[in-house]
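Following: one structure in structure tokens, then a few remarks.
Number of protein chains: 4
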Amino acid sequence: MSKPIAIIAGVGPGTGAAIARKFAATYPVALLSRKPDTYEPIVAEINKSGGKAIGISTDVSDSKSVKAMVEKLKEEYGKDVTCAAAIFNASGAFVRSPFLELTEEIMDSSYAGSVKGSFNFSQATLPLLLAARESSPHPPSLIFTGATASVKGSARFAAFATMKFALRAMAQSLAREFGPQGVHVAHAVIDGVIDIPRTKEWDLGEGGKIDPSAIADAYWHLHTQPKTAFTWEIDIRPGVEKW
Amino acid sequence: MSKPIAIIAGVGPGTGAAIARKFAATYPVALLSRKPDTYEPIVAEINKSGGKAIGISTDVSDSKSVKAMVEKLKEEYGKDVTCAAAIFNASGAFVRSPFLELTEEIMDSSYAGSVKGSFNFSQATLPLLLAARESSPHPPSLIFTGATASVKGSARFAAFATMKFALRAMAQSLAREFGPQGVHVAHAVIDGVIDIPRTKEWDLGEGGKIDPSAIADAYWHLHTQPKTAFTWEIDIRPGVEKW
Amino acid sequence: MSKPIAIIAGVGPGTGAAIARKFAATYPVALLSRKPDTYEPIVAEINKSGGKAIGISTDVSDSKSVKAMVEKLKEEYGKDVTCAAAIFNASGAFVRSPFLELTEEIMDSSYAGSVKGSFNFSQATLPLLLAARESSPHPPSLIFTGATASVKGSARFAAFATMKFALRAMAQSLAREFGPQGVHVAHAVIDGVIDIPRTKEWDLGEGGKIDPSAIADAYWHLHTQPKTAFTWEIDIRPGVEKW
Amino acid sequence: MSKPIAIIAGVGPGTGAAIARKFAATYPVALLSRKPDTYEPIVAEINKSGGKAIGISTDVSDSKSVKAMVEKLKEEYGKDVTCAAAIFNASGAFVRSPFLELTEEIMDSSYAGSVKGSFNFSQATLPLLLAARESSPHPPSLIFTGATASVKGSARFAAFATMKFALRAMAQSLAREFGPQGVHVAHAVIDGVIDIPRTKEWDLGEGGKIDPSAIADAYWHLHTQPKTAFTWEIDIRPGVEKW
Chain A
18 MSKPIAIIAG
28 VGPGTGAAIA
38 RKFAATYPVA
48 LLSRKPDTYE
58 PIVAEINKSG
68 GKAIGISTDV
78 SDSKSVKAMV
88 EKLKEEYGKD
98 VTCAAAIFNA
108 SGAFVRSPFL
118 ELTEEIMDSS
128 YAGSVKGSFN
138 FSQATLPLLL
148 AARESSPHPP
158 SLIFTGATAS
168 VKGSARFAAF
178 ATMKFALRAM
188 AQSLAREFGP
198 QGVHVAHAVI
208 DGVIDIPRTK
218 EWDLGEGGKI
228 DPSAIADAYW
238 HLHTQPKTAF
248 TWEIDIRPGV
258 EKW
Chain B
18 MSKPIAIIAG
28 VGPGTGAAIA
38 RKFAATYPVA
48 LLSRKPDTYE
58 PIVAEINKSG
68 GKAIGISTDV
78 SDSKSVKAMV
88 EKLKEEYGKD
98 VTCAAAIFNA
108 SGAFVRSPFL
118 ELTEEIMDSS
128 YAGSVKGSFN
138 FSQATLPLLL
148 AARESSPHPP
158 SLIFTGATAS
168 VKGSARFAAF
178 ATMKFALRAM
188 AQSLAREFGP
198 QGVHVAHAVI
208 DGVIDIPRTK
218 EWDLGEGGKI
228 DPSAIADAYW
238 HLHTQPKTAF
248 TWEIDIRPGV
258 EKW
Chain C
18 MSKPIAIIAG
28 VGPGTGAAIA
38 RKFAATYPVA
48 LLSRKPDTYE
58 PIVAEINKSG
68 GKAIGISTDV
78 SDSKSVKAMV
88 EKLKEEYGKD
98 VTCAAAIFNA
108 SGAFVRSPFL
118 ELTEEIMDSS
128 YAGSVKGSFN
138 FSQATLPLLL
148 AARESSPHPP
158 SLIFTGATAS
168 VKGSARFAAF
178 ATMKFALRAM
188 AQSLAREFGP
198 QGVHVAHAVI
208 DGVIDIPRTK
218 EWDLGEGGKI
228 DPSAIADAYW
238 HLHTQPKTAF
248 TWEIDIRPGV
258 EKW
Chain D
18 MSKPIAIIAG
28 VGPGTGAAIA
38 RKFAATYPVA
48 LLSRKPDTYE
58 PIVAEINKSG
68 GKAIGISTDV
78 SDSKSVKAMV
88 EKLKEEYGKD
98 VTCAAAIFNA
108 SGAFVRSPFL
118 ELTEEIMDSS
128 YAGSVKGSFN
138 FSQATLPLLL
148 AARESSPHPP
158 SLIFTGATAS
168 VKGSARFAAF
178 ATMKFALRAM
188 AQSLAREFGP
198 QGVHVAHAVI
208 DGVIDIPRTK
218 EWDLGEGGKI
228 DPSAIADAYW
238 HLHTQPKTAF
248 TWEIDIRPGV
258 EKW
């Protein structure tokens with residue numbers, strides 16, 4: 018039986034990269050994003066520092082692309098490849114807009130990125146997670162990254178919040194279906210701005226941005242929980258955050 | 018200024034019909050469903066008993082169909098037609114299925130019926146609701162029908178719950194955006210089986226099914242709330258229900 | 018069988034008075050507050066305008082005082098007095114304080130007013146509510162007034178929020194226990210400032226304060242729900258409120 | 018500056034002992050329970066295995082007893098004793114009872130054990146936690162153990178759920194007040210039966226009871242979160258649990 022891998026969807030230079038680094042300390046990792054230039058730096062970094070990483074260009078909103086990704090995994094790791102951890106860190110675009118200015122295209126795109134994407138990803142990875150129940154050192158885990166908008170529908174957030182609420186529903190439904198089968202499904206409400214290159218200029222005061230490596234540590238902790246003690250949901254925010 | 022109307026999407030022989038009857042006591046009502054045979058009986062009933070009702074065949078998931086519906090309203094009630102109450106009682110199909118047996122088509126259809134439908138309906142009716150702020154006897158109201166699955170992602174409910182969670186997010190976001198503008202947006206969690214022809218044979222014991230006219234009364238109460246006292250969410254269930 | 022009455026605890030010149038007026042249109046009402054000068058004006062007003070009201074000086078946090086109140090009801094309405102609606106609108110004092118400046122006395126007093134009070138009131142009224150199931154025109158109802166602090170533990174609200182959360186738990190537990198027995202237990206989250214004499218000077222802008230008669234209307238609607246369609250919880254806030 | 022300690026209230030042969038063991042690997046621990054025979058075995062075990070533990074007989078519901086406990090800490094660790102982690106794992110008695118059979122004494126006792134106890138414990142430990150901000154290797158942490166009844170008021174759980182809801186409110190309020198000051202306050206919803214001596218005979222099937230050491234690991238993870246990434250709440254349940 019081959020060693021199970023970790024699969025991380027949504028690997029930019031922030032949370033996804035931090036999660037990849039963390040899980041790469043234990044598992045070979047497959048990093049998914051639409052374009053190679055997003056995953057290439059972190060793939061190189063992990064391979065250089067003794068881990069094992071591959072990148073696969075994948076559009077999670079496209080089921081064919083997700084199926085092709087699984088085929089690549091099988092080429093790389095063998096037909097019996099299994100998965101110890103699958104992390105859905107992708108998202109439809111963040112949109113903030115007066116409701117009457119939203120377009121169908123924005124809604125469809127938000128659905129495709131967040132809901133369809135997580136659906137395709139979960140359907141592709143759950144069989145590999147179920148197959149890892151014997152070989153994985155920890156219960157195979159499927160973890161979804163949510164946001165404030167997963168639990169609060171703020172004004173002008175109709176496009177973003179609908180799909181984040183939907184993602185949370187999927188995580189909860191999967192937790193209830195697959196928990197009894199030994200797969201740990203969890204959802205994280207990231208309630209704050211993450212400290213990544215894109216937010217570098219944002220001045221949120223001392224300690225006002227979430228350290229992405231702390232998110233990775235939390236996901237790792239979730240992954241290591243034994244099957245008698247699964248957490249379904251955690252929230253993560255800066256101590257100074259108003260909430 | 019013409020008298021504002023009520024628009025009800027999703028008018029079958031149950032909740033939608035009961036809501037139509039209730040609002041028809043005060044407003045001319047426009048009843049939307051995909052096929053005429055769904056709305057014809059209740060349209061006839063209302064017109065016979067002294068109310069004023071029209072039916073418009075509308076596929077809420079199709080923005081063109083929704084725009085055509087608005088054009089018909091303008092033909093019927095004048096270019097300056099306004100809306101005192103818009104009720105979104107439609108839904109994507111109810112699906113209960115092991116997650117790995119769900120298909121993309123089911124997800125897309127659930128999205129189209131519940132999220133895209135409510136989006137199209139809200140975009141079409143909000144301008145008419147805003148326009149009724151002066152003439153409506155009560156704050157113009159946009160009310161969404163939810164379900165248990167709006168707040169609980171049960172096992173095997175991934176398709177249905179994702180879209181019901183999403184609908185709830187939309188209702189919450191719209192409530193926060195349009196409440197300050199004088200439009201009352203509300204969401205009802207219908208937590209139980211409704212007593213309609215389709216559920217006639219289901220034996221849930223004495224009092225085990227929700228009377229649809231009680232849902233209509235609750236929606237009417239929501240509609241009559243003054244703008245200093247808006248309810249965003251109510252839950253409705255049989256007294257004997259386990260929850 | 019004597020006509021059932023309504024009992025309202027916490028009757029000041031605001032919400033309690035508005036509720037009393039509303040329910041007095043249908044039932045004889047018994048109004049409870051610690052001191053006669055709180056209930057006397059509204060008792061006089063109701064009796065003058067054709068209703069029937071009595072006031073009973075009651076400290077709901079004191080079980081003996083609550084038992085004495087029930088005895089007075091029996092003297093007044095007969096040993097077989099029953100109750101169609103019992104409204105718990107009392108509360109421990111509102112306290113906002115840095116946590117480390119709170120005292121045991123404040124905590125104890127908050128517990129006494131909100132939790133012990135609602136406990137005593139519920140234990141005294143539930144037998145009368147159960148006894149009214151046949152005679153009451155609507156399902157006998159026990160309604161609790163909550164606040165923003167019932168669902169959000171804000172900074173510096175430890176004393177107030179603990180007891181409002183607790184009150185909500187009691188309402189929920191009672192709804193689940195007594196709903197199947199035909200008594201409707203409901204909880205209202207009053208999420209905003211109520212427009213009462215005490216808040217007259219507070220400038221919250223146009224429409225920024227909740228009209229107490231709208232709260233009374235909502236409670237009356239809850240009371241009229243049939244037993245197949247009980248609402249457990251509603252929230253009420255000004256349309257302009259940020260939430 | 019002396020090394021900060023960990024203080025754990027509610028140390029029986031289950032969760033409390035597991036938490037004590039976990040935190041004793043890094044900090045001297047002070048273990049509180051009403052009677053010495055509860056803490057003595059785990060104190061002995063920790064001291065034997067190279068850790069440092071003391072037990073202090075404390076009734077957390079009695080503020081004098083809690084103050085005396087702090088005095089003992091100062092005798093033992095010096096007047097400038099500080100605290101890296103304070104865990105409130107105590108509780109009022111678990112009571113399940115028809116509401117009308119509950120007594121004032123049960124309510125008072127539930128309040129004393131859960132709310133008053135957590136209040137006294139928090140007031141005593143927060144100054145020590147604030148004082149440890151410089152010296153503690155991780156943000157000083159105050160963690161509360163909750164239960165299913167913290168978020169669900171089931172029928173016949175009025176006494177237990179009111180106080181668990183209240184405890185959760187306190188934890189949330191404290192998190193919002195002290196998070197910005199650098200103290201991490203967290204709440205755990207333990208949603209299942211814990212595998213302890215008292216529940217040994219309960220047959221809940223394979224994997225049906227929560228391993229207390231997994232709860233301890235989760236608390237330790239919470240404690241190690243940096244101040245940019247605080248979790249306020251986690252839920253923990255067996256994978257096979259229905260929820």
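As you go down the protein sequences, you meet chains A, B, C and D in turn. Just so it is clear: in the first sequence, position 168 is 185 by the working numbering, and no numbers are missing. Just so it is clear: in the second sequence, position 129 is 146 by the working numbering, and no numbers are missing. Just so it is clear: in the third sequence, position 241 is 258 by the working numbering, and no numbers are missing. Just so it is clear: in the fourth sequence, position 83 is 100 by the working numbering, and no numbers are missing. Note that CB positions come from ideal geometry on N, CA and C, so glycine has one too.
- Task: Give the secondary structure of Leu221/C by DSSP, where H, G and I count as helix, E and B as strand, and everything else as coil.
- Result: Three-state result, Leu221/C: coil.
- DSSP state of His155/A mapped onto helix, strand, coil: His155/A: coil per DSSP, three-state reduction.
- Taking the Cβ atom as the reference point for each residue, do Thr179/A and Ala186/B lie within a distance shorter than 7 angstroms? Less than 7 angstroms divides the Cβ of Thr179/A from the Cβ of Ala186/B.
- Message: Give the list of continuous beta strand (DSSP E) stretches no shorter than 3 residues that lie fully inside the region 20-97 of chain D.
- Response: The qualifying runs are 22-26, 46-50, 70-74.
- For the region 196-251 of chain C, list the beta strand (DSSP E) runs that are entirely contained and at least 3 residues long, ordered along the chain. Qualifying beta strand (DSSP E) stretches, in chain order: 201-207.
- Message: Among Arg150/B, Val28/B, Ser78/B, whose alpha-carbon lies nearest the alpha-carbon of Pro21/B?
- Response: Selected option, being the one with the closest Cα: Arg150/B.
- Query: What is the DSSP secondary structure of Thr162/B, counted as helix, strand or coil?
  - Reply: The answer is strand: DSSP assigns Thr162/B an E or B state.
- Query: Going straight from the alpha carbon of Ser190/C to that of Leu119/A, what length do you get?
  - Reply: So the alpha carbons of these two residues sit roughly 42 angstroms apart.
- Message: Which of the three DSSP states is assigned to Ala102/C in this structure?
- Response: Strand, per DSSP.
- When the cut-off is 7 angstroms and only beta carbons count, does His86/C lie next to chain D? With the sequence shown as reference, residue 86/C is identified as Met, and His is not the correct amino acid for it. With respect to chain D, the C-beta atom of Met86/C has no partner C-beta closer than 7 angstroms.
- Are the C-beta atoms of Ala61/B and some chain A residue less than 7 angstroms apart? Not one beta carbon of chain A lies nearer than 7 angstroms to the beta carbon of Ala61/B.
- Query: At least one CB of chain B closer than 7 angstroms to the CB of Phe111/A: is that the case?
  - Reply: Under the 7 angstroms criterion on CB atoms, Phe111/A is classed as non-interfacial with respect to chain B.
- Item | Distance, Ser108/C Cα to Gly27/C Cα | For Gly27/C and Ser108/C, the gap between their C-alpha atoms comes out near 8 angstroms.
- To which residues does DSSP link Arg254/A through a beta bridge? Answer by DSSP bridge pairing, in chain order: Phe247/D.
- Inter-residue spacing [alpha-carbon to alpha-carbon] between Asp79/A and Leu90/A: Asp79/A and Leu90/A have their alpha carbons spaced roughly 17 angstroms apart.
- Message: Buried or exposed, going by whether 16 or more other CB atoms sit within 10 Å of the CB of Asp208/D?
- Response: Counting other Cβ atoms within 10 Å of its Cβ, Asp208/D reaches 16 or more and is therefore classed as buried.
- Message: Under 8 angstroms: do the region 46-66 of chain B and the region 126-133 of chain B share three or more Cβ pairs, one atom per stretch?
- Response: Too few Cβ pairs lie closer than 8 angstroms, so no.
- By a C-beta neighbour count over all protein chains shown, 10 Å radius and 16 as the cutoff for buried, is Gly196/C buried or exposed? When all chains shown are included, Gly196/C counts as buried.
- Looking only at C-alpha atoms, which of Ile253/C, Gly33/C, Ala101/C sits nearest to Trp249/B? For the residues Ile253/C, Gly33/C, Ala101/C, the minimum Cα distance to Trp249/B belongs to Ile253/C.
- Write down every uninterrupted run of the beta strand (DSSP E) in the region 112-138 of chain D whose length is 3 residues or greater and which is fully enclosed by it, in chain order. Annotation note: the region 112-138 of chain D contains no uninterrupted beta strand (DSSP E) run of length 3 or greater.
- Query: Can you tell me the Cα-Cα spacing of Ala70/D and Thr245/A, whole angstroms?
  - Reply: Going from the Cα of Ala70/D to the Cα of Thr245/A covers about 28 angstroms.
- Query: By Cβ distance, which residues of its chain are closer than 6 angstroms to Ala164/D, with the 5 residues on each side in sequence left out?
  - Reply: Answer for Ala164/D: Lys181, Ile207, listed in chain order.
- Message: I need the DSSP call for Phe174/C, collapsed to helix, strand or coil.
- Response: Coil, per DSSP.
- Which bits of chain A does Phe182/B rub up against, with CB to CB less than 7 angstroms? Contact note: Phe182/B reaches chain A through Phe182, Ala183, Arg185, Ala186, using a C-beta cutoff of 7 angstroms and chain order.
- Message: Here's a check: name, in chain order, each residue in its chain whose Cβ is nearer than 6 angstroms to the Cβ of Phe313/B, leaving out the five neighbours to either side.
- Response: Summary: the structure shown does not reach residue 313/B, with chain B confined to residues 18 through 260, and so no result is reported for it.
- Can you list, in chain order, the residues of the region 155-173 of chain A whose Cβ is nearer than 7 angstroms to any Cβ on chain B? Under the 7 angstroms Cβ criterion, the region 155-173 of chain A contributes Gly170, Ser171, Ala172, Arg173.
- Item | Simplified DSSP assignment, three categories, for Lys169/C | DSSP, read as helix, strand or coil, puts Lys169/C in coil.
- Within chain C, the residues that Phe116/D reaches when beta carbons sit closer than 8 angstroms: Against chain C, the beta carbon of Phe116/D has neighbours under 8 angstroms at Ser139, Gln140, Leu143, Ser190, Leu191, Glu194, Phe195, listed in chain order.
- Query: Below 7 angstroms between beta carbons: does that hold for Ile123/C and Ala176/C?
  - Reply: Their beta carbons are under 7 angstroms apart, which means Ile123/C touches Ala176/C by this criterion.
- If you measure from the beta carbon of Glu122/D to each beta carbon in chain C, is any gap under 7 angstroms? For Glu122/D, no CB of chain C lies under 7 angstroms from its own CB, so it is not counted at the interface with that chain.
- Message: Using the Cβ count rule (16 or more neighbours within 10 Å means buried), how would you classify Arg113/B?
- Response: Exposed is the call here.
- Message: Suppose contacts are defined by Cβ-Cβ distances below 7 angstroms. Is Ala101/A in contact with Ser153/A by that definition?
- Response: Contact flag set, yes.
- Helix, strand or coil: how does DSSP classify Ala186/B here? Shown here, Ala186/B sits in a helix according to DSSP, grouped into three states.
- Do Val87/B and Ala141/B have their C-beta atoms closer together than 7 angstroms? Yes, Cβ-Cβ distance for Val87/B and Ala141/B is below 7 angstroms.
- By how many angstroms is the C-alpha of Phe247/A removed from the C-alpha of Lys226/C? If I take the Cα positions, the gap works out to 44 angstroms.
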